[in-house]
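Going by the numbering used here, the sequence shown opens with residue 822, and the numbers climb by one from there.
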Amino acid sequence: MFASSFLQAFVYISLAVAFAGTSALLVETYAPYAFHTGIPEIKAILGGYVFDAFLSPWTLLIKALGLALSVASGLSLGKEGPLVHVACCMAYLFSRMFEQFRHNEASKRRVLAAAAAAGVSVAFGSPLGGVLFGLEELDAFASETDVMWRGFVASAIAAVALQWVNPFGTAKLVLFQVGK
822 MFASSFLQAF VYISLAVAFA GTSALLVETY APYAFHTGIP EIKAILGGYV
872 FDAFLSPWTL LIKALGLALS VASGLSLGKE GPLVHVACCM AYLFSRMFEQ
922 FRHNEASKRR VLAAAAAAGV SVAFGSPLGG VLFGLEELDA FASETDVMWR
972 GFVASAIAAV ALQWVNPFGT AKLVLFQVGK
């Protein structure tokens, strides 16, 4: 009985260390910009700082893979920052496909602000939370109505997509829900 429990604990700890180590190695070796939470850098980009390597496809891939491995290892991680970073990376990649966004930094920043609001919406299962995050933290140079409108549309679409994906198998946006 004791040997079986010891073996199970050993396997669990070994897998946790392997997942966390693999995540750290991937980030350190291939995408050092995937190390950070992402929100301060996104705020800097929205303020006008050009930092394309932070939003590259390679950073997106390593960030998503590293985040999955880190969570699988049992590390206690916040999900708001990484999901904002992932959403902004995806929006940046999509915006490069369209000529109107490729050469217009102001339009690109507006798309990134909406993507950041959508990332918060997915993180907490709350579209209004994404809008409020957009008002509080992002796009300080745009008018409040522009931020609210773009953030609301992006957050609502993200919430519908999250509901459709149904990641917890409960048909709810969050794993734990207070109330009935």
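Backbone N, C-alpha and C define an ideal beta-carbon position, used for all residues, glycine too.
| Item | Value |
| --- | --- |
| Mapping the DSSP letters down to three states, classify R917 as helix, strand or coil. | coil |
| Among R971, F856 and E901, whose alpha-carbon lies nearest the alpha-carbon of R930? | R971 |
| Grab the span of the alpha helix (DSSP H) containing A934 for me, first residue to last. | E926 to F945 |
| When you compare each of P988, A938, G868 and L933 to M769 by their alpha carbons, which one comes out closest? | Any property of residue 769 remains undetermined from this structure, which presents the chain solely from 822 to 1001. |
| Rounded to the nearest angstrom, how far is the Cβ of A790 from that of F840, given a contact under 8 Å? | Past the edges of the chain, shown from 822 to 1001, lies residue 790, and the structure says nothing about it. |
| Could you give the DSSP three-state label for T880: helix, strand or coil? | helix |
| Sorted by chain position, which residues of the same chain lie with C-beta nearer than 7 Å to A837's C-beta, five sequence neighbours on each side aside? | S894 and G895 |
| Could you give the distance in angstroms between the alpha-carbon of A936 and the alpha-carbon of G990? | 25 Å |
| With G842 as the anchor, note down where its alpha helix (DSSP H) starts and where it stops. | F823 to Y851 |
| When you compare only the Cα positions, how much space is there between V932 and F919? | 12 Å |
| Can the beta-carbon of E957 be found less than 8 Å from the beta-carbon of K864? | no |
| How many angstroms separate the CA atom of P853 from the CA atom of F823? | 42 Å |
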